[in-house]
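Each residue of the sequence shown is one higher than the one before, counting from 877 in our numbering.
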Amino acid sequence: MTLVLFWIGLLGLFALFTRVGRLLGLIPIVSQLLLASFGLPLVMLWLAAPVGLDNAQVLTAPWLKPLYGVAFTLLLGHILSDVIDLRLEAASVKIALPSFFVPFFCGLACATWALPAASLLSNVAVGLLFALTAIPVLFLYLRHLGYPEPTIRRLLQAAILMDLMCWCLFGLAQGSAAPTTLLWPLLAALLPLALYLVRVRAPLVYSLAFFALLLTLQQLKLNALVFGIAYLLVMAALRVPFRLPLPVAVFHALQVWLAVPLILAYGLLQIDWHTAWQGYSWVQFSALLVLPVLSKLAGNWLGLSWAEGRLAASPAKWRQSVLLNTRGLTEIVFLNLLFQQQIISAQLYFALMLMGLIATLLPALTQRARAVPSTVSERSPHEVH
877 MTLVLFWIGL LGLFALFTRV GRLLGLIPIV SQLLLASFGL PLVMLWLAAP
927 VGLDNAQVLT APWLKPLYGV AFTLLLGHIL SDVIDLRLEA ASVKIALPSF
977 FVPFFCGLAC ATWALPAASL LSNVAVGLLF ALTAIPVLFL YLRHLGYPEP
1027 TIRRLLQAAI LMDLMCWCLF GLAQGSAAPT TLLWPLLAAL LPLALYLVRV
1077 RAPLVYSLAF FALLLTLQQL KLNALVFGIA YLLVMAALRV PFRLPLPVAV
1127 FHALQVWLAV PLILAYGLLQ IDWHTAWQGY SWVQFSALLV LPVLSKLAGN
1177 WLGLSWAEGR LAASPAKWRQ SVLLNTRGLT EIVFLNLLFQ QQIISAQLYF
1227 ALMLMGLIAT LLPALTQRAR AVPSTVSERS PHEVH
């Protein structure tokens, strides 16, 4: 009963911080990252410890891991469905390529230097974490700042292409390390073709099967990521639209008030905060906080300059470079995926979580210039995040 009360209280605390953050003009993921990174250790120290609870004990509830699996599946499936929804423009490709590969190779070099004992897969994962852009957070910032729809579409397409390259490269790298884990996910990804051949046309059937199989493969520790990408690509090839299994408002509420707080807390509670700062020198720890942001800004600048056709500095280009550096929900899902599979250490998880918080806060700290006037107002599927 104590564990149930603890988790109800913790989710209530996340809800309170989210509402207070909204009053202060913060989007939910920023408030939740702040609480998870700085408030959760204080909760465990001042509230949980006096009643005899520690990090290990609060994670022993038998219902917690299945609930985490469902929450993680909902978020991963929704992000992948956004990534596959790709209609490219030439300008978006020009933005995406430098914006992805400059920080990716910087991350590889940083991991090789700072983590000499890490595996090649771990180094690749660090490079990909350097290169990620959070699609949902980017969209919310762009709409909040009043950017015109063509600019929003161009930057979102660039972010989607970057995330698609990230998920695909990681899936291939992981699969090459254990080829047998690819067979069942790839076979399962052909289910839309089988449904199509037996004349099933209801999009909801395809989507329900997608989430059910994604959860099953994740619980079986098979390559759910490769399955998710392949399944959605088959759906796109068959021109079957993706439909959320719940109404948009309900899905949004589940993500904001349950799934994201649960995933953040579940990941960070596995860290021993007394040793989270150890294992790296201050130079290494600082590099993991600063280099992802700087390399991503450099890649964004080059990509925007290529798309624009000139390298001249401008306030608009600087603002867009900062916006394309946001991490947020996409990084959280990827970090938890890597941490659960023991590809990265607890110390690296904590350092990159803090980096993601800094990068996600940057637009709020730097966007003080006048917002660009909006020309069109319409909803986007990315807004649900």
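Ideal Cβ placement from N, Cα and C applies to all residues, glycine included.
- The straight-line gap separating the alpha-carbon atoms of D1148 and L1080 is approximately 42 angstroms.
- Our two residues, L1069 and L1090, have alpha carbons roughly 17 angstroms apart in a direct line.
- Counting only residues of its own chain and dropping the five nearest sequence neighbours on each side, L984 has a CB closer than 8 angstroms to the CB of N999, V1000, V1002 and G1003.
- One alpha carbon belongs to A1235, the other to I1011, and they sit about 14 angstroms apart.
- When the beta-carbon positions are compared, A1100 and L940 stay at least 9 angstroms from each other.
- Scanning A1035, W883, P1061 and T1202 for the CA closest to the CA of N931 turns up W883.
- Nearest in C-alpha terms to L1067, of all of R1077, A994, G1051 and F1086, is F1086.
- At a cut-off of 4 residues, the continuous stretches assigned as alpha helix (DSSP H) that sit fully inside the segment 928 to 1006 are 931 to 934, 940 to 960 and 966 to 990.
- Non-local C-beta neighbours of L1145 in its own chain, meaning closer than 8 angstroms and more than five positions away in sequence, comprise L916, M920, N931, V934 and L935, ordered along the chain.
- At a Cβ-Cβ threshold of 9 angstroms, Y1082 and F1127 do not count as neighbours.
- Rounded to whole angstroms, the separation of the alpha carbons of L1187 and S1181 is 5 angstroms.
- The alpha-carbon of A1065 is positioned some 44 angstroms away from that of L900.
- Burial state of R895 is exposed, judged by a 10 Å Cβ sphere holding fewer than 16 other Cβ atoms.
- Look at I1147 here: in three-state DSSP terms it is coil, with no helix or strand label.
- In the three-state scheme derived from DSSP, where H, G and I count as helix and E and B as strand, P1123 is classed as coil.
- Going by DSSP, V1198 is part of the alpha helix (DSSP H) stretching over P1191 to L1199.
- Counting the other CB atoms within 10 Å of its CB gives Q1217 a total below 16, which places it among the exposed residues.
- Closest option to L1170, judged by alpha-carbon separation, among W1194, A1183, W1133 and A1189: W1194.
- Around the beta carbon of T1056, a 10 Å sphere encloses fewer than 16 other beta carbons of the protein chains shown; the residue is thus reported as exposed.
- Looking only at S975, L886, G1232 and L1233, the smallest Cα-Cα distance to S1197 is reached by S975.
- When the five nearest sequence neighbours on each side are left out, no beta carbon in the same chain lies closer than 7 angstroms to the beta carbon of L1063.
- Judged by beta-carbon spacing, F1006 lies beyond the 9 angstroms limit of P904, meaning their Cβ atoms are not closer than that value.
- DSSP places R1075 outside both helix and strand once states are collapsed to three, so it counts as coil.
- Of the residues assessed, M1231 falls on the buried side of the cut-off, its CB having 16 or more other CB atoms within 10 angstroms.
- A distance of 9 angstroms or more separates the beta carbons of P1123 and L1084.
- For Q1216, the enclosing alpha helix (DSSP H) starts and ends at L1205 to Q1216.
- Spanning the alpha carbons of V880 and G897 requires a straight line of approximately 26 angstroms.
- Residue environment analysis places R1075 among the exposed positions, since fewer than 16 neighbouring C-beta atoms fall within 10 angstroms of its C-beta.
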